[in-house]
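Quick notes on the structure that follows.
There are 2 protein chains.
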Amino acid sequence: MTRIVIVGSGAAGMAAASRAKRLKPSNEVIVIDSSRWVSFAFCGLPYLVGGEVKELDDLLYYPPSEFTKRGIDLRLGKTVVEVDRDLKRLTYVDNKTGSRETIEWDKLVLATGARSKAPKLWPEIKEARNVFYIVHMESGQQIRDYATSLGPGRRAVVVGAGYVGLEMADNLTKLGLKVTVVEALNQVAPRVLDPELASILENSIRSKGVEVVTGAAVEKFNIKDGLATEVITSKGTYQADMFVVGVGIEPNNDLALQLRLGLGRSGGVVVDERTLTSNPDVYAVGDVTEHKDLVTGQLVWRPFAQIANKMGHVAGSNLGGVESVFPGSVGTSAFKVFDTVAARTGLSASEAASAGFKPVEVSLEAGTKAHYIPGGSKLTLKVVADEKTGRLLGAQSVGFDETAFWRINVVASLLTRQGTVWDLFAADYGYQPLLSPVWDPLVVAARLLMRTFGEKPW
Amino acid sequence: MTRIVIVGSGAAGMAAASRAKRLKPSNEVIVIDSSRWVSFAFCGLPYLVGGEVKELDDLLYYPPSEFTKRGIDLRLGKTVVEVDRDLKRLTYVDNKTGSRETIEWDKLVLATGARSKAPKLWPEIKEARNVFYIVHMESGQQIRDYATSLGPGRRAVVVGAGYVGLEMADNLTKLGLKVTVVEALNQVAPRVLDPELASILENSIRSKGVEVVTGAAVEKFNIKDGLATEVITSKGTYQADMFVVGVGIEPNNDLALQLRLGLGRSGGVVVDERTLTSNPDVYAVGDVTEHKDLVTGQLVWRPFAQIANKMGHVAGSNLGGVESVFPGSVGTSAFKVFDTVAARTGLSASEAASAGFKPVEVSLEAGTKAHYIPGGSKLTLKVVADEKTGRLLGAQSVGFDETAFWRINVVASLLTRQGTVWDLFAADYGYQPLLSPVWDPLVVAARLLMRTFGEKPW
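If you read the protein sequences in the order shown, they are chains A and B.
Read left to right, the first sequence gives residues 1 to 458 (my numbering).
Read left to right, the second sequence gives residues 1001 to 1458 (my numbering).
Shown next as structure tokens:
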């Protein structure tokens, strides 16, 4: 019998647990987490805030009982405080009773996720009841409850114009609050979109009544009687009734540091294709890890749910005796804010240049359906390729329906196979007037690229 | 100066004309067509019938004047009656005046499209004013006018449950007619979907009030006083006030036969990657051609608009002095009928077996969005891979939103690069709860396939 101890009951940890147990029932699988949740979906929290999701429990893929039924030993509400890599054991404390327990492992899986840097960056917010950031699933409920208690017309400031910030701004607006987003960098979605695509998104957000202030780095919050009253930024002071910090997460690597695992530049645990760390008895999965970017070959930190799930599956397979690999990712991400959908995959031109490629970039605006069909909308698409090889390097898109997301998924799948500009032209996308234009924007982008690369593969 | 004569002013012909002229303005480019239309979109005709498209002219990408402006010599309303391959010349007749003209070519492009077999199969319909099939753009207007003149509650029979037939049934229903679809084979969409996926589509069509009769081969139409009154099929007789034949097209290869060009099994003109026929001075593009299937390597006839446009582009480039290739297609096609979207790419399992592969097939039903987001729908997805190599061979999907189409486009793009089941797993599809589930159905299909193929690439 092998004892597998998994720290972290999020999607990655539970995927690993389920699979390790199912493939090899003789495995003893113990999962420890300080929360009372399993298999939770942080990505759904903004929709809990806005009310589209009714109950916190709706966000769970399965209730804890499902995993118990699968033979997994769940130890929730317990915080791991110490790990000993030589004795291969760890100690956890029960959050309520304070009782300690020490257990040994044959194999350890770190699935400790990411954490907000907010309380480190602005320690004053710890005393404020109306400054929120995502700590755990309850955070979403707390934001919803507080916003609802304020009621329509009151003011919220959201710090950060990344995924979480913008999705929170959308959902707080739906609750009737007047929302201001402050972002330290000079555009919204700074790590996702190039400036000209970001400005389409920004205009769309503004048109919904959200105030957007870019280039505004948060210096401090002013607190009075346990409530923040205003946030002071490099660009001015913004008063509000509540504040949501949607920026600044980092790998939750405390245990990894104690285990002296190899870490990458982000502080994430470096894993190989098997999701194995520098310690042959320790796997790591999900938001706490760094893994390989399939375009550059470099290590990257990508705290995305779809990656975490796949890594959990792969770790669980390997622990279940079935060799499995997670080759890496290409950095596909997407969001939907109000009626705008934005997505990206691979590298931007400037990221490509930094990585040693010679990027060629094309950009276009095109309709999403046949020109004669009412109801289509405009999509802006950017594609980057390498001048030396014709390889596709990345793409970005902003539009007003799901196809902005799906066209990026098509490029993502070509990136997985080192697809070229000629593949982007040749790929046989279907055509139906209600669904796409006969010259799909992807093919139009390929044609524009072929002006540089030539019409046929070298 | 090179004289390029293009027969056929559809999308493929006009794409070739525009590009050959633009890249090399010294080219003399003459386009001859018996219709008065250029760059027309047959795929839009069902929406003209239903009224979503208001005017026949809306279906044109550009008016004829645009091409004249580009320096193209348009000769519309003229029918080519004779070609002489040795003297490299052809004769055409003006449809109105009957005057004949003979011109020589340096390079000829056949873009003569496809034609309906209906009048050959059922000669009696030539005397009937209420039996329609697509001859040219006017056909759509005629169907609309006749259906509108009948008014709601009257009956229409549509022959054939392929793309055209089902889209016509949808749009005639929108006009208030009671529609019966008769199909000779035992399912709807017989060349597109496997039976179990077709039955989802069929149920959806029936639920909209359309009567669907499969296994009903049309034997003859009964005509009285210039009007068809009923159609006699192998399964019974169906009366109606109008009849639309949406089945049975073939390459319009009369000129190709006169030129003694190499033809494929369908009667389509065989072209190479340059779109060149067996005659070094004759190109052929679009629905009149056969080209290479990128999965099997065999010749196929695929009269699809997106392929015709690409072939036109490639022929035009080559004629403009820029070497260009159309490597082939993988058979991606899609339709939307009422609220159902269906798509396929590559081979079905039975087609794969016929082509010498050893197909492994998985099928699943999954939600199109995160489980906790309201408004998602169910998607049925089938993926086929080759047991010997792990290569993806094809996929089919039926669902109730555009993602059924886009997930197939993702598989299509992997087919272009000989992607495998492991690529289907590894490809980094983005995730956003409003847009997709965290385990995308594509990844779930890959996981199911990996039960047979193993978890990692061989």
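A virtual CB, placed ideally from N, CA and C, is assigned to each residue, including glycine.
Computed from a predicted model, the values in this text were never measured in an experiment.
> What does a CB cutoff of less than 7 Å around Ala118(A) pick up in its chain, not counting 5 residues either side in sequence?
Replying inline: Counting only Cβ-Cβ distances below 7 Å, and skipping sequence neighbours, we find Ile125, Tyr133, Val245 and Gly248.
> Nearest to Gly1010(B) by CA position, among Arg1115(B), Arg1100(B) and Gly1071(B), is which residue?
Replying inline: Taking only the C-alpha atoms, the option nearest Gly1010(B) is Arg1115(B).
> Can you name the residues of chain B whose CB is closer than 9 Å to the CB of Asp58(A)?
Replying inline: What Asp58(A) touches in chain B, judged by beta-carbon distance under 9 Å, is His1371 and Tyr1372, going in chain order.
> Roughly how many angstroms lie between the CA atoms of Glu1066(B) and Cys1043(B), to the nearest whole one?
Replying inline: So the alpha carbons of these two residues sit roughly 21 Å apart.
> Interface residues of chain B around Pro359(A) at Cβ under 7 Å?
Replying inline: The premise fails here: Pro359(A) is roughly 19 Å from chain B at the closest Cβ pair, so nothing lies under 7 Å.
>> Less than 8 Å between CB atoms is the rule here; does Pro1433(B) satisfy it with respect to chain A?
In response: So yes, Pro1433(B) belongs to the interface.
> Looking at the structure shown, is Phe1243(B) part of a helix, part of a strand, or coil, going by DSSP?
Replying inline: Here Phe1243(B) sits in strand by DSSP.
>> Please identify, using Cβ separations under 9 Å, the residues of the stretch 1403-1414 of chain B that lie next to chain A, in order along the chain.
In response: If the cut-off is 9 Å between Cβ atoms, the stretch 1403-1414 of chain B has Thr1403, Phe1405, Trp1406, Arg1407, Ile1408, Asn1409, Val1410, Val1411, Ala1412, Ser1413 and Leu1414 near chain A.
> Mind checking if Lys1117(B) is an interface residue toward chain A, Cβ cutoff 8 Å exclusive?
Replying inline: No - not a single Cβ of chain A is within 8 Å of the one on Lys1117(B).
>> Please confirm whether Gly1430(B) has its beta-carbon closer than 8 Å to some beta-carbon of chain A.
In response: It does: the Cβ of Gly1430(B) has a partner Cβ on chain A nearer than 8 Å.
>> So, under 8 Å CB-CB, Asp1305(B) and Val438(A) are touching, yes? Tell me the CB distance rounded to an integer number of Å.
In response: Sequence inspection shows Ala at residue 1305(B); the Asp mentioned does not correspond to that position. About 5 Å separates the CB atoms of Ala1305(B) and Val438(A); that is less than 8 Å, so the two are in contact.
>> According to DSSP, is Glu1127(B) part of a helix, a strand, or is it coil?
In response: Glu1127(B): helix per DSSP, three-state reduction.
> Which bits of chain A does Lys1336(B) rub up against, with CB to CB less than 7 Å?
Replying inline: Per Cβ cutoff of 7 Å: Gln432, Leu434 and Leu435.
> Within the 8 Å Cβ cut-off, does Gly969(B) reach chain A?
Replying inline: The question about residue 969(B) has no answer, for chain B in this structure spans 1001 to 1458.
> According to the neighbour-count rule (16 or more other Cβ atoms, all chains shown, within 10 Å of its Cβ), is Thr97(A) buried or exposed?
Replying inline: Here Thr97(A) is exposed, its C-beta having fewer than 16 other C-beta atoms within 10 Å.
>> Helix, strand or coil for Val1029(B)? Go by DSSP, reduced to three states.
In response: The answer is strand: DSSP assigns Val1029(B) an E or B state.
>> Counting only Cβ pairs nearer than 8 Å, list the residues of chain B close to Asp423(A).
In response: Scanning chain B for C-beta atoms nearer than 8 Å to the C-beta of Asp423(A) yields Ser1413, Thr1416 and Arg1417, reported in chain order.
> For Tyr429(A), which of helix, strand or coil comes out of DSSP?
Replying inline: It is coil, neither helix nor strand.
>> Within 8 Å of any Cβ in chain B, is that where the Cβ of Gln396(A) sits?
In response: For Gln396(A), the answer is no, since every Cβ of chain B falls outside 8 Å of its Cβ.
>> Check for me: the beta strand (DSSP E) holding Lys78(A) runs from which residue to which?
In response: DSSP places Lys78(A) inside the beta strand (DSSP E), whose first and last residues are Lys78 to Asp84.
>> Let's see if you can read the secondary structure: which residues bound the beta strand (DSSP E) around Thr148(A)?
In response: DSSP places Thr148(A) outside any beta strand (DSSP E); the residue lies instead in the alpha helix (DSSP H), whose first and last residues are Met137 to Leu150.
> At a CB-CB cut-off below 9 Å, which residues of chain A make contact with Ala1017(B)?
Replying inline: Here the premise fails: no neighbours, minimum Cβ distance about 16 Å.
> Any idea what DSSP makes of Asn1222(B), helix, strand or coil?
Replying inline: Strand, per DSSP.
> By a C-beta neighbour count over all protein chains shown, 10 Å radius and 16 as the cutoff for buried, is Lys310(A) buried or exposed?
Replying inline: Buried, since its Cβ has 16 or more Cβ neighbours within 10 Å.
>> Looking at Leu379(A): is its Cβ nearer than 8 Å to the Cβ of Pro441(A)?
In response: Contact: yes.
> Just by C-beta distance, which residues in the stretch 302-321 of chain A are closer than 8 Å to chain B?
Replying inline: For the stretch 302-321 of chain A, the beta-carbon criterion of a distance under 8 Å to any beta-carbon of chain B is satisfied by Phe304, Ala305, Gln306, Ile307, Asn309, Lys310, His313, Val314 and Ser317.
> Tyr431(A): buried (16+ other C-beta within 10 angstroms of its C-beta) or exposed?
Replying inline: So Tyr431(A) counts as buried.
> From the beta carbon of Val38(A), is the nearest beta carbon of chain B less than 8 Å away?
Replying inline: No, Val38(A) does not count as interfacial toward chain B.
>> Any beta carbon of chain A sitting closer than 8 Å to that of Tyr1061(B)?
In response: Interface residue, yes.
> Is Val398(A) near Ile72(A), with beta carbons less than 8 Å apart?
Replying inline: Cβ distance not < 8 Å, so Val398(A) and Ile72(A) don't count as in contact.
>> For Gly1077(B), tell me which candidate among Glu1219(B), Val1031(B), Leu1434(B) and Asp1423(B) has the shortest Cα-Cα distance.
In response: Of the listed residues, the one whose Cα sits closest to Gly1077(B) is Val1031(B).
> Taking the alpha-carbon positions, what's the Asp1467(B) to Ser1324(B) distance?
Replying inline: With chain B running from 1001 to 1458 in the structure shown, residue 1467(B) is simply not present.
>> Looking at chain B, is there any beta carbon in it that lies within less than 8 Å of the beta carbon of Ser354(A)?
In response: By this cut-off, Ser354(A) is not an interface position.
>> Give the list of continuous beta strand (DSSP E) stretches no shorter than 3 residues that lie fully inside the stretch 342-413 of chain A.
In response: Qualifying beta strand (DSSP E) stretches, in chain order: 359-367, 378-386 and 392-399.
> From Ala412(A) to Thr1416(B), what distance separates their C-alpha atoms?
Replying inline: Straight-line Cα distance between these residues: approximately 14 Å.
> Hey, does Lys1456(B) have any beta-carbon neighbour from chain A nearer than 8 Å?
Replying inline: Interface annotation, Lys1456(B): in contact with chain A, CB-CB separation under 8 Å.
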